[in-house]
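What follows is a short report on a single structure.
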Amino acid sequence: MALESRITQEEIKKEPEKPIDREKTCPLLLRVFTTNNGRHHRVDEFNRGNVPSSELQIYTWMDATLKELTGLVKEVYPDARKKGTMFNFAIVFPDNRSKMYRLKDIGSTVSGRKGTDDAMTLQSQRFQIGDYLDIAITPPNRASLLGPRMRPF
8 MALESRITQE EIKKEPEKPI DREKTCPLLL RVFTTNNGRH HRVDEFNRGN
58 VPSSELQIYT WMDATLKELT GLVKEVYPDA RKKGTMFNFA IVFPDNRSKM
108 YRLKDIGSTV SGRKGTDDAM TLQSQRFQIG DYLDIAITPP NRASLLGPRM
158 RPF
């Protein structure tokens, strides 16, 4: 039986993050895929060497927060700067057992508002270099229809 390489949320909370010196640590290339319909890409869009066409490439560090990444995405997409725009983050990673990709929701931010996931880092969610980040962007007019607890996917 193969051991799961991902760690549970309880184990993540117990293990403190190691500080990263951004002056001395080389950044990683983060491949980010976005949608503006409030839904994540389908996992099968990442199979067989394919990726969705909406790719952003960001150089960052493992201690990058979701709020920091939100700011970088808003620089590229001016429409996402509107107050109330929701950003739902997921890590897309290869599942070694099935040779397919899996999607793991990790948190969300809202433009112009403070939230509980703002300070969450890639490192705290067990992001590994080579994984992708998928961000489902929901415009403020659609976000209000979904309600605070409903998921857009």
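If you're matching positions, the sequence shown starts at 8 in this note's numbering and goes up one per residue.
We treat Cβ as the ideally placed atom computed from N, Cα and C, and that holds for glycine.
Computed from a predicted model, the values in this text were never measured in an experiment.
{"Asked": "So Thr-168 packs on Asp-125, CB below 8 Å; how close in whole Å?", "Found": "As shown, the chain starts at 8 and ends at 160. That puts residue 168 outside it, with no answer to give."}
{"Asked": "With a cut-off of 8 Å, do at least 3 Cβ pairs link the segment 133-146 to the segment 30-47?", "Found": "yes"}
{"Asked": "Among Tyr-139, Ile-113, Leu-140 and Arg-120, whose alpha-carbon lies nearest the alpha-carbon of Met-127?", "Found": "Ile-113"}
{"Asked": "Over what stretch of residues does the alpha helix (DSSP H) that includes Leu-76 continue unbroken?", "Found": "73-83"}
{"Asked": "When the Cα atoms are used, what is the spatial distance from Pro-26 to Thr-123?", "Found": "21 Å"}
{"Asked": "Do you know whose CA, among Asp-70, Val-99, Leu-129 and Leu-76, lies nearest Asp-28's CA?", "Found": "Asp-70"}
{"Asked": "Pick out whichever of Gly-119, Lys-74, Lys-90 and Asp-102 has its Cα sitting closest to the Cα of Ile-142.", "Found": "Lys-74"}
{"Asked": "Could you tell me if Thr-41 is buried or exposed, where buried requires 16 or more neighbouring beta carbons within 10 angstroms of its beta carbon?", "Found": "buried"}
{"Asked": "Could you check the C-alpha separation between Met-93 and Lys-106 for me, to the nearest Å?", "Found": "31 Å"}
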